[in-house]
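In the working numbering, the protein residues as written are 507 to 652. We put the CB at the ideal spot given by N, CA and C, even for glycine. Everything below concerns the one structure shown next.
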Amino acid sequence: MEVCDPVSAPDADGTPRRVTRRFPLFTRDTARPEGGGRAAPGDAPAPARQWPVLAVLGTVGLGLLVTAFDAFRVGLLLVGVALLGGAVLRWLLPRVGMLAVRSRFTDIVTYGVLGVVIVLLALMVQPKPWLEIPFLDDALHFTVRG
């Protein structure tokens, strides 16, 4: 097979053909995210094939249930830890099923940042915060004078 120029590629028969570098006018297909295949073999039952996303969603559901029973700080900590766990699973496992939404980097950053923000807000929520950051109090008193 001989490639004619940098913008040529072989077709289905293996013969080189010229392709354009422009994006198509209509998208016919989307690429599966990196790691977006099944997390278990195809002959495994459906829950086993998607265990990473089920683990994250189950922990989030448990956190929301705990929050509904007036333990809001612990419930929100569970939600944040579930997102951080999703980031760790996305980082460590080569195939995570439906937990893979975008590229690996984007998923890890998104799950990680959201998880850290939820955990920090749960620790700083009033009354009687478990974590106090002094410069945030100063910023609040500076912006809201009254």
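Item to check | Burial state of Asp613, where buried means 16 or more other Cβ atoms lie within 10 Å | outcome: What you label residue 613 is simply residue 107 of the sequence shown in a count that begins at 1. So Asp613 counts as buried.
Next on the checklist: Once DSSP output is grouped into helix, strand and coil, what is the label at Trp557?
Outcome noted: One-based indexing of the sequence shown puts residue 557 at position 51. Three-state DSSP puts Trp557 in a helix.
Checklist entry - To the nearest angstrom, how far is it from the Cα of Gly618 to the Cα of Gly569? => result Against the sequence shown, residue 618 aligns to sequence position 112. Against the sequence shown, residue 569 aligns to sequence position 63. Distance between the alpha carbons of Gly618 and Gly569: 17 Å.
Next on the checklist: Give me, in chain order, the residues of the same chain whose beta-carbon lies closer than 7 Å to that of Leu595; leave out the 5 immediate sequence neighbours on both sides.
Outcome noted: By one-based count along the sequence shown, residue 595 stands at place 89. The residues are Pro558, Val602 and Leu605.
Item to check | Neighbourhood of Pro454 by C-beta distance below 7 Å, restricted to the same chain and skipping five residues each side | outcome: This structure cannot speak to residue 454, because the chain is shown only from 507 to 652.
Checklist entry - Taking the continuous alpha helix (DSSP H) assigned at Trp636, which residues delimit it? => result Taking the first residue of the sequence shown as 1, we reach residue 636 at position 130. That residue, Trp636, is in no alpha helix (DSSP H); it is neither H nor E in DSSP.
Checklist entry - In chain order, what residues of the same chain have a beta carbon less than 7 Å from the beta carbon of Val631, not counting five sequence neighbours either side? => result Taking the first residue of the sequence shown as position 1, residue 631 is located at position 125. Closer than 7 Å at Cβ, skipping near neighbours: Arg579.
Item to check | 8 Å contact criterion, which Thr565 and Ala588 should meet: CB distance rounded | outcome: To locate residue 565, count along the sequence shown from 1; it is residue 59. To locate residue 588, count along the sequence shown from 1; it is residue 82. That belief holds up - the Cβ atoms of Thr565 and Ala588 are roughly 4 Å apart, short of 8 Å.
Next on the checklist: Within the continuous alpha helix (DSSP H) that includes Phe575, where are the two ends?
Outcome noted: Position 69 of the sequence shown holds residue 575. Counting along the chain, Phe575 falls outside any alpha helix (DSSP H), and DSSP gives it neither H nor E.
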